[in-house]
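Right, one structure below, let's go through it.
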Amino acid sequence: MKFLLVLIAFFSPLFLNAQGLDSLMLRKHMTYLASDELEGRGTGTLGEIRAANYIAAEMLSYGLKPAGDGHSFFQVFETKIAIESISHRLLGRNVIGFLDNGSPSTIVVGAHYDHLGKGFQGSSLSPNSQNMIHNGADDNASGTAGLLLLAKELASNHAKEQYNYLFIAFSGEELGLIGSKFYCEHPTIPLANTKAMINMDMIGRYRPEKGIIVSGYGTSPSWGELLPKATKSLNMKFTADSSGIGASDHTSFYLKEIPVLQFFTGTHSDYHKVSDNLAGINFPGEITVLRLIENVLLGLDQLPEAPQYTQAGNPHQASQNTSFKVTLGVMPDYSYSGKGLKIDAVTAQRPADKAGIVAGDVIVNLAGQDIGDIYDYMKVLGSHQKGDQVKAMILRNGKSSSVDITF
Ligand SMILES: [Zn+2]
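Numbering (full-length UniProt numbering), first residue to last: 1 to 407.
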């Protein structure tokens, strides 16, 4: 009996610690969130409301406190969208649950749960997409389910971390980060006490050979302390994009000068199409990604001080496997799924800018190497020195041309 008690005392924290990150539970959440029943979770639709109800019920069952409007889990916001060219006002809702550890400081963990609905709200890449359900399994039932698993894990680990955790499932993201912008203008926990924001957008298609893409790496020196160690312990590759500005809700927090990290398993040909379904999801892979995020959260908890905000520089200042002596000074468009590297933004007076490359251009060849995707691009960067002169082939409005680049 005594022996048994010792065993229980020894092992129970491990069991408790592991109970949240469960692959079966992940599948259950995603199967519902990405089901036709929810009709693609368009902002302001019945499907969005039913998804919100599901998320709130889960949060309640973990013992999270409602942290939306009044005493509810919901924070309602109004937005305007054009449907069939006519503008309408819609109400969307963020779902917010608070894990109160009695601390003055809070970390926000977020993921958007809205998607493209039935294709009337724009931004579908499928042909004839109107009245077709866009299930958005990877984008972003994956992040939403991840949010629930992490919430359950942190709520049940019987540890009192030095931070409180505010779990927010955002809506209106696909319409332009509307829900997260609204939250940052109407925070329910003061932003001054919000020390970091961790975001998950499209974490369902982990491929070990490609690793994980982490944006916001340059928004705090703490990320450089935590991420290389955390990825190494899980034997994961990672690509770091230093910028705090990107195509997801972490941007809204970065613009309020809060350190951010956004996790992403990479783009694919089903992005924003009706074919983004459960079939494409790597469930065990997502559990690995969630372990990584949990490691980062618990690592943050071990640091003696809250992460400092820093203004982030150019993308790709750091990577675990390649150290770059050169960059082009561009922000890649991670959502682009065609061949080549599409440029989202160009930093003034850096090599790409000086060569005449502009936002929207697609680099298809660099220094004689074909560029199929961002990884090819990074490989080429890794093999050059400052001062090297190379040619780049770019596509602009369907026309190709060659430019001279000096690194
Ligand atoms: Zn998304």
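Here a beta-carbon is modelled for each residue, glycine too, at the ideal position from N, C-alpha and C.
These figures come from a predicted structure and were not determined experimentally.
Quiz item: In whole angstroms, what separates the C-alpha of Ala279 from that of Thr265?
Solution: Locating residue 279 in the sequence shown gives position 279, where the first residue counts as 1. Locating residue 265 in the sequence shown gives position 265, where the first residue counts as 1. Their backbone Cα atoms lie some 16 Å apart in a straight line.
Exercise. Measure the alpha-carbon distance for Ala359 versus Gln130 and round it to whole angstroms.
Key: Numbered from its first residue, the sequence shown carries residue 359 at position 359. Numbered from its first residue, the sequence shown carries residue 130 at position 130. Ala359 and Gln130: Cα-Cα distance of roughly 29 Å.
Quiz item: Quick one: what does DSSP say Glu225 is sitting in, helix, strand or coil?
Solution: For the purposes of this step, residue 225 is taken as the residue at position 225 of the sequence shown. When DSSP states are grouped into helix, strand and coil, Glu225 belongs to the helix group.
Quiz item: Considering only C-alpha positions, which residue in the set Gly338, Pro208, Ser242, Thr231 is nearest to Gly216?
Solution: Against the sequence shown, residue 216 aligns to sequence position 216. The option with the nearest alpha carbon to Gly216 is Ser242.
Quiz item: Taking the C-alpha atoms as reference points, what is the distance between Lys80 and Phe407?
Solution: Counting from one through the sequence shown, the residue named residue 80 turns up at place 80. Counting from one through the sequence shown, the residue named residue 407 turns up at place 407. Answer to the nearest angstrom: the Cα atoms are 44 Å apart.
Quiz item: Looking at C-beta atoms only, is the number of pairs between the segment 162-169 and the segment 94-104 that lie closer than 8 Å three or more?
Solution: yes
Quiz item: Should Ser23 be counted as a contact of ligand 1 given a C-beta to heavy atom distance under 7 Å?
Solution: Reading the sequence shown from its first residue, position 23 is the one you call residue 23. Outside the cutoff, so no.
Quiz item: Using the rule of at least 16 other Cβ atoms within 10 Å of the residue's Cβ for burial, across every protein chain shown, is Val57 buried or exposed?
Solution: Locating residue 57 in the sequence shown gives position 57, counting from the first residue. Sequence inspection shows Ala at residue 57; the Val mentioned does not correspond to that position. Its Cβ having fewer than 16 others within 10 Å, Ala57 is exposed.
Practice problem: Identify, in the order they occur along the chain, each residue of the same chain with its Cβ nearer than 7 Å to the Cβ of Leu290, setting aside the five sequence neighbours on each side. | Solution: Here residue 290 refers to the residue found at position 290 when the sequence shown is read from its first residue. If we look at Leu290 and ignore the five residues flanking it on each side, its Cβ neighbours are Leu21, Gly146, Leu149, Leu150.
Exercise. Kindly identify the DSSP beta-bridge partner or partners of Lys399.
Key: Working through the sequence shown from its first residue, we reach residue 399 at position 399. Answer is Arg396.
Practice problem: Kindly indicate which residue of Ile96, Ala34, Thr45, Ser400 has the alpha-carbon position closest to the one of Leu64. | Solution: Position 64 of the sequence shown, counted from the start, is the residue given in the question as residue 64. Nearest of Ile96, Ala34, Thr45, Ser400 to Leu64, Cα basis: Ile96.
Quiz item: With DSSP run on the structure shown, which of helix, strand or coil describes Gln121?
Solution: By 1-based counting over the sequence shown, the position of residue 121 is 121. Coil.
Quiz prompt | Sequence-distant residues of its chain with Cβ nearer than 6 Å to Lys339 (five each side left out) | solution = Translated into positions along the sequence shown, residue 339 becomes position 339. Same-chain partners within the cutoff: Gly372.
Practice problem: With a threshold of 7 Å, establish whether the CB of Asp201 neighbours any heavy atom of ligand 1. | Solution: Taking the sequence shown and counting its residues from 1, the one referred to as residue 201 is at position 201. Because some heavy atom of ligand 1 lies under 7 Å away, the Cβ of Asp201 counts as near it: yes.
Self-check item: Nearest neighbour of Tyr377, chosen from Ile49, Ala392, Asp388, Gly387 [CA to CA]
Solution: Here the question's residue 377 lines up with position 377 in the sequence shown. Per the Cα distances, Ala392.
Exercise. Please go through the same chain and pick out, in chain order, the residues whose beta-carbon is closer than 6 Å to the beta-carbon of residue 417, but skip the five residues on each side of it.
Key: The structure shown has nothing for residue 417, since the chain only spans 1 to 407.
Practice problem: Note down, in chain order, each residue of its chain lying with its Cβ closer than 6 Å to the Cβ of Gln389, except the 5 sequence neighbours on either side. | Solution: Start at 1 with the first residue of the sequence shown, and residue 389 comes out as number 389. So the list reads Thr406, once near-sequence residues are dropped.
Practice problem: For the alpha helix (DSSP H) holding Asn295, just list the boundary residues, first then last. | Solution: Translated into positions along the sequence shown, residue 295 becomes position 295. Where Asn295 is concerned, the enclosing alpha helix (DSSP H) stretches over 283-302.
Quiz item: Would you report the Cα separation of Gly42 and Val403, rounded to the nearest angstrom?
Solution: What you label residue 42 is simply residue 42 of the sequence shown in a count that begins at 1. What you label residue 403 is simply residue 403 of the sequence shown in a count that begins at 1. Taking the CA atoms as reference points, Gly42 sits about 42 Å from Val403.
Exercise. Return helix, strand or coil for Ala240, following the three-state DSSP convention.
Key: As a working mapping, residue 240 is identified with position 240 in the sequence shown. If DSSP states are grouped into helix, strand and coil, Ala240 belongs with the strands.
Exercise. Check His29 in the structure and name its three-state DSSP category.
Key: Reading the sequence shown from its first residue, position 29 is the one you call residue 29. When secondary structure is reduced to three states using DSSP, His29 falls in the helix class.
Self-check item: Complete runs of the alpha helix (DSSP H) confined to the UniProt domain "PDZ" (326-398) [at least 4 residues]
Solution: 351-354, 374-382
Quiz item: Given a threshold of 16 other Cβ atoms within 10 Å of its Cβ, counted over all protein chains shown, does Ser401 qualify as buried or as exposed?
Solution: Position 401 of the sequence shown, counted from the first residue, corresponds to residue 401. Ser401 is exposed by the Cβ-count criterion.
Quiz prompt | Any 3 or more C-beta pairs closer than 8 Å across the segment 202-212 and the segment 116-129 | solution = no
Quiz item: Considering only residues of the same chain and omitting the five flanking positions on each side of Glu39, which have a CB-CB separation below 8 Å?
Solution: Counting from 1 along the sequence shown, the entry for residue 39 is found at position 39. Correct list, in chain order: Thr45, Leu46, Gly47, Gly117, Lys118, Ile133.
Quiz item: From the DSSP output, which residues share a beta bridge with Ser215?
Solution: Working through the sequence shown from its first residue, we reach residue 215 at position 215. DSSP, once it has assigned bridges, lists Asp241, Gln262 as partnering Ser215.
Practice problem: Check each candidate in Gln308, Ala306, Lys273, Leu366 and name the one with the smallest Cα separation from Asn140. | Solution: Taking the first residue of the sequence shown as position 1, residue 140 is located at position 140. Comparing Cα positions, the closest option is Lys273.
Quiz prompt | Collapsed DSSP secondary structure at Asp404 in the structure displayed | solution = Reading the sequence shown from its first residue, position 404 is the one you call residue 404. It is a strand residue.
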